[in-house]
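Chemist:
4 protein chains.
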Amino acid sequence: MNIAVVTPGGDAPGVNAAIRAVVRSAASQGFEVFGVERGYMGLIENAFRKLSPRDVSGIINLGGSVLKSSRCELFKTPEGLEKAAENLKAMNVDWLVAIGGDGSLKGAKEVSEVSGIPVAVMAASIDNDIAGVDETIGFDTAVNTAVEAIDKIRDTAVTFERVFIVEVMGRQRGFLAIDVALASGAEIALIPEHPVTHEDVSQRLLKMGSLGKKSSIIVKAEGAMGDPFETASRLSRLTGYDFRVTVLGHIQRGGVPSARSRTLACLFGNHAVRLISEGKKNRLVGLRDNRVVDISILDSYTSVKKIDENKYRLVSLLAV
Amino acid sequence: MNIAVVTPGGDAPGVNAAIRAVVRSAASQGFEVFGVERGYMGLIENAFRKLSPRDVSGIINLGGSVLKSSRCELFKTPEGLEKAAENLKAMNVDWLVAIGGDGSLKGAKEVSEVSGIPVAVMAASIDNDIAGVDETIGFDTAVNTAVEAIDKIRDTAVTFERVFIVEVMGRQRGFLAIDVALASGAEIALIPEHPVTHEDVSQRLLKMGSLGKKSSIIVKAEGAMGDPFETASRLSRLTGYDFRVTVLGHIQRGGVPSARSRTLACLFGNHAVRLISEGKKNRLVGLRDNRVVDISILDSYTSVKKIDENKYRLVSLLAV
Amino acid sequence: MNIAVVTPGGDAPGVNAAIRAVVRSAASQGFEVFGVERGYMGLIENAFRKLSPRDVSGIINLGGSVLKSSRCELFKTPEGLEKAAENLKAMNVDWLVAIGGDGSLKGAKEVSEVSGIPVAVMAASIDNDIAGVDETIGFDTAVNTAVEAIDKIRDTAVTFERVFIVEVMGRQRGFLAIDVALASGAEIALIPEHPVTHEDVSQRLLKMGSLGKKSSIIVKAEGAMGDPFETASRLSRLTGYDFRVTVLGHIQRGGVPSARSRTLACLFGNHAVRLISEGKKNRLVGLRDNRVVDISILDSYTSVKKIDENKYRLVSLLAV
Amino acid sequence: MNIAVVTPGGDAPGVNAAIRAVVRSAASQGFEVFGVERGYMGLIENAFRKLSPRDVSGIINLGGSVLKSSRCELFKTPEGLEKAAENLKAMNVDWLVAIGGDGSLKGAKEVSEVSGIPVAVMAASIDNDIAGVDETIGFDTAVNTAVEAIDKIRDTAVTFERVFIVEVMGRQRGFLAIDVALASGAEIALIPEHPVTHEDVSQRLLKMGSLGKKSSIIVKAEGAMGDPFETASRLSRLTGYDFRVTVLGHIQRGGVPSARSRTLACLFGNHAVRLISEGKKNRLVGLRDNRVVDISILDSYTSVKKIDENKYRLVSLLAV
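Residue numbers (my numbering), protein chains in the order written: chain L, 1 to 320; chain F, 1001 to 1320; chain U, 2001 to 2320; chain X, 3001 to 3320.
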């Protein structure tokens, strides 16, 4: 059995641990593994290399992807998919394992349809927005990275009695923002799912000020309330408080994976190889109800994951 | 409603976040909170102090417990329990919230029986060995601390081609050791639940050596295989390899809590106050199937939690 | 002897360690210490509080300043200075110790002139731009914070074969940028002291690309080359490479101080108290030639510190 | 010009950054570099491999040594040295660059004497005990690692009101212990250079107890006062306090190098290549008076470095 592993979502810490888990689990079943370089681009460009258990030594704690990744527009075209299918068949690939988020899922589904080669997708994304699974590889690391950054920012916020807007990733969804806000003890979480007005936010800040809170942290998902500097400027006018903005940016996508991100990667990778042994095709592997599960790729792809309203409410409730 | 909060298990990172969550959730319900100092000792010594939402400001990211803790032998005697019950009644305490592990659970159960005052216990322990719950406050931090230490140790293990035995906490149980071994990419996990002989271990090391592994990490729970230095010495004789030992010790009990430990603390603390609002007595709050649940203290106390055999097997399988 | 300690530069990690060192060194000499709250504002607002050795317990590893800080425009006026001098005299303050950078130095000099009260200034600044001293409290921590952030960013830069512009603090000077660039292995350092054109930078990137470098990190001081997003856009047009920008921002000003920042704080604080014992007035305490020294505040204030040209050159030389 | 680079002291964080600096500085001069594997063992076993600037890409932030290391008894014999000299000549090596501490220095001196090939040694050691230089590569990282561990330990020390003995590396010398004690705010430093009795230590602990200090940290160098568990037991009998012991062990030798350790590595590596360009033979490169200097290997080897008595005194003075 020949397995090709590809990391189109190479920017979630734990992807390397996931590659290692696939390669070594496959070896224990006597399967061969080929790594595909630069994400789906490598399928088109025929960039395969054999991966032995020794080749993935010492990578469990590295951020990024040793297979590299890329955004690949060509792969979204019929020609690109056709070429990828051709190359997979020429390499005698029996299964394709993709590690990534929504984009990886879509690509895997399509190349499978075109090539007839079954796929297994391991949920890896710092956004944690994949429907049907509670948690993805990399999310825990990104939350910790942002929380550690806010711990530092709070030092200066408290010392200078300022309000900070800290923008975390999340153009469409607020999963990261909610968890970061709760764990950092932020006063306010701004997420795309719950639009609020500048007046709402300034009222809450003024109320906290009247209770003696002299500094606050607002965790804002990218997709909430527009430009953070503009938001700060309007809120400053409304409240009279001194605002600062920090956009955390790409530090959230890299770094040494947390223990949990590595553990999920180990479990998901092993489960993906079990799916191959059992011939269970086109499944997404993720964590649900604290168990490693596999669900239909199609089901995940056509659904929308809901935020945890309780957690969202708790941010404000605990920030009194 | 008057709530007393006590931290007999003050050595799990996230306990302060849990205190904060109880105090502020209680405030949102109009309840008063008293902090008890030095664990159950403070109940006997009448060491209560009022905690307002502002008093727990800036503690979400502190290790240890701002209420302090202690081992209290007196509390295990009828006289001690009687005195504690007396003090709780004199303070008009309606509910006692304890944050800790098995010892805290036992104490809470007993003081409740003697005093008639209902209790809620929030599961907090780096050992993660509380029956009925999947995860406790502090466990994730301890796993990360040990994994980060092993990342450092592996640098020197690989450079000098040595075998390291790294002892992690766990006199009776191997939950911590298994998760640490899996996430650190350790070659072998030694846990009390699965006794192995020195010959077994040396055979595995020699087999890995023959596959080209020149350095290895053995994660050993305290309660497995006896003294680590003696173990190293015997394994060295059997394999001819160069061994080193590191006992991680108390660094596992402190430190800035991870995002996950803080999040669990927020959720558990809020849930504990909900139990009080609803009059649901003598429950243990923890995470199960990725949901915050409450279970009967008695049920937890009389059961034994099983290790995850799949994770345990995976350590060896991924260390080829 | 009554000493007042003030932290107008409260945003350099290690300031709390410096307060502790002053308070405890003073205690060993039998001196009294008053903390001034909110920087020079507290002098005007008469916000003094007594600090005993026990009051500074547990603060050595905290970022920010427990005395808080503020930008105080009023202090720059004759009225403000007059009021501050009045309050200092009313409190019978014999010496003022200020912990901070250039602004603190200026303020200390002025209040001393107006009040006749001698001052000692401890060099603390993440910018490390104080003339006459090699290193300030907080600089080492800020360098480490930025380098750790770039370690994370490089994961995604390498994986996606991108160029990152990482903006670090430094509106006027490039000390931080140079050290960060060298220690992070960045390919290019852009500093205010050495203006370069977009064409220069793009030529260097293209040359590195031709040598096989597929990703690069450019560390840019705030004051170099203007807006980082505009810079990225122009460089992208000139090179055809994929650019991303991260502005590190205020995380550089907070956080747990590094060992070195704490050590300098201990040494400087003790030295400042020695100056008081010896009656050596109006001196700046800092590190020079790896020794704790004191220099004339006036000399420092009227000089400009030079960057280390060798380090600057080394960034490019080692990034081949 | 052919340069061989060897890392007999491969257990100081920053050694890889030093290798990178040598290789790339050499390339800028048109020199060739060969890496020697496994320390001096590789000289005897003829384990050379060519290192190009691209080969040392991405290693600046890795602990350990990519060239590996070993303790090599054979190298201490005339036969071993003779064989090493032979191999160096057969490879047409013109200069040998060794990165390490006292043992590396001795070996470099001897192989140079036997072979006639000049050497340059870059001071790298977590012990920082090399005479003639103020600071070595790796020392700053080890201090930070130990201080971060003690920050965690203090959480539990304070919470449970205990005394902790934390043993850091240093069989002969107390440089690491002093810096760790000062930066961690430890109450007592025990170093080989200043023997004290158990009675002295217990008197100091009791005196601090009487001033209200309920928990303490004692930082003990390995070579001071013998076995830490025995020491704890005796001090516990003398004081009545509750003691715990943590032996930090090998975590101090690995880990991601701090910014400062990397910066020193860059500077030293570049300086070593400059020595080669200038034909300045048999020098040790290190930091002195905050400048990169080179001194006679023989001078360093025959001298003993003194501890900083002021720092040592300051530990106690600031721990009131």
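Cβ coordinates follow ideal geometry from the N, Cα and C atoms, glycine included. The structure presented is a predicted model; accordingly, all values stated were derived computationally and were not measured.
1) Between the alpha carbons of S1210(F) and G1138(F), how many angstroms are there, rounded?
2) Whose Cβ in chain U lies nearer than 7 Å to the Cβ of I3060(X)?
3) Let's test the definition: count the other Cβ atoms within 10 Å of the Cβ of P1257(F) and tell me whether it reaches 16, buried, or not, exposed.
4) On the three-pair Cβ rule with 8 Å, is the region 1020-1037 of chain F touching the region 1071-1080 of chain F?
5) Just to make sure I have the definition right: I need the residues of chain U whose C-beta is within less than 7 Å of the C-beta of G3212(X). Which are they?
6) Would T2263(U) count as contacting chain X if we go by Cβ distances under 8 Å?
7) Nearest-angstrom Cα distance between L284(L) and R2260(U)?
8) Please report the distance separating the alpha-carbon of M3399(X) from that of K3106(X).
9) So, do the region 3115-3123 of chain X and the region 1013-1033 of chain F have three or more beta carbon pairs nearer to each other than 8 Å?
10) Between which residues of its own chain and S236(L) is the CB-CB distance below 6 Å, once the five residues before and five after are set aside?
11) Buried or exposed for S215(L), going by 16 or more other Cβ atoms inside 10 Å?
12) Could you tell me whether the Cβ atoms of I3044(X) and G3101(X) are closer together than 8 Å?
13) Please list the terminal residues of the continuous alpha helix (DSSP H) segment that includes G2269(U).
14) Taking all protein chains shown into account, do 16 or more other C-beta atoms lie within 10 angstroms of the C-beta of V3093(X), making it buried, or fewer, making it exposed?
15) Identify every residue that forms a DSSP beta bridge with M1001(F).
16) Per the DSSP calculation, A1221(F) is bridged to which residue(s)?
17) Kindly list, in the order they appear in chain L, the residues whose Cβ is closer than 7 Å to that of R1162(F).
18) By alpha-carbon positions, which one of R3020(X), M3001(X), T3197(X), N3016(X) ends up nearest to L2317(U)?
19) For L3287(X), which residues does DSSP report across the bridge?
20) Report the residue from I1188(F), H1194(F), P1192(F) whose alpha carbon sits nearest the alpha carbon of S1205(F).
21) Between A2224(U) and the rest of its own chain, which residues show a CB-CB distance below 6 Å, the 5 nearest in sequence each way excluded?
22) For chain F, is any of its Cβ atoms less than 8 Å away from the one on D179(L)?
23) Quick one: which chain L residues come within Cβ less than 8 Å of R1283(F)?
24) The beta strand (DSSP E) spanning A322(L) covers which residue range?
25) Under a CB-based cut-off of 8 Å, is K2152(U) close to chain L?
26) From which residue to which residue does the alpha helix (DSSP H) around G321(L) run?
27) I'd like the list of long-range same chain contacts for S1300(F), defined as Cβ closer than 7 Å, with 5 residues on each side in sequence excluded.
28) In the DSSP assignment, what are the bridge partners of E1032(F)?
29) Could you tell me whether the Cβ of R1253(F) comes closer than 8 Å to any Cβ of chain X?
30) For E3222(X) versus R3253(X), is the C-beta spacing smaller than 8 Å?
31) Report the CB separation of A18(L) from I99(L) in whole angstroms; it is logged as a contact under 8 Å.
32) So, are the CB atoms of S2065(U) and T159(L) less than 8 Å apart?
33) Could you give the DSSP three-state label for S2216(U): helix, strand or coil?
34) Can you say whether L1298(F) is buried or exposed, counting buried as having 16 or more other CB atoms within 10 angstroms of its CB?
35) Buried or exposed: where does S303(L) fall if 16 or more other Cβ atoms within 10 Å of its Cβ makes it buried?
36) Just the chain F side, please: which residues come within less than 7 Å of R3049(X) by C-beta, in chain order?
Modeler: Looking at the coordinates:
1) 39 Å
2) G2185
3) buried
4) no
5) R2054
6) yes
7) 48 Å
8) The structure shown does not extend to residue 3399(X), since chain X is modelled only from 3001 to 3320, so the question has no answer here.
9) no
10) F243
11) buried
12) no
13) 2259-2278
14) buried
15) According to DSSP, which records beta bridges pairwise, M1001(F) is partnered with nothing at all.
16) V1168(F)
17) Result: empty, since nearest Cβ-Cβ is about 15 Å, beyond 7 Å.
18) R3020(X)
19) E3135(X), V3292(X)
20) According to the sequence provided, residue 1205(F) is Leu. The question's Ser does not apply to it. Comparing Cα-Cα distances from L1205(F) to each of I1188(F), H1194(F), P1192(F), the minimum goes to I1188(F).
21) L2190, I2191, P2192
22) yes
23) Correct list: empty, because the minimum Cβ distance to chain L is about 18 Å.
24) Residue 322(L) is absent from the structure shown; chain L starts at 1 and stops at 320.
25) yes
26) This structure cannot settle anything about residue 321(L), because the visible part of chain L is limited to 1 through 320.
27) L1105, I1130, A1131, G1132, L1284
28) N1002(F)
29) yes
30) no
31) 5 Å
32) yes
33) strand
34) exposed
35) exposed
36) Near R3049(X) there are no residues of chain F at all, since even the closest Cβ is about 16 Å away, more than 7 Å.
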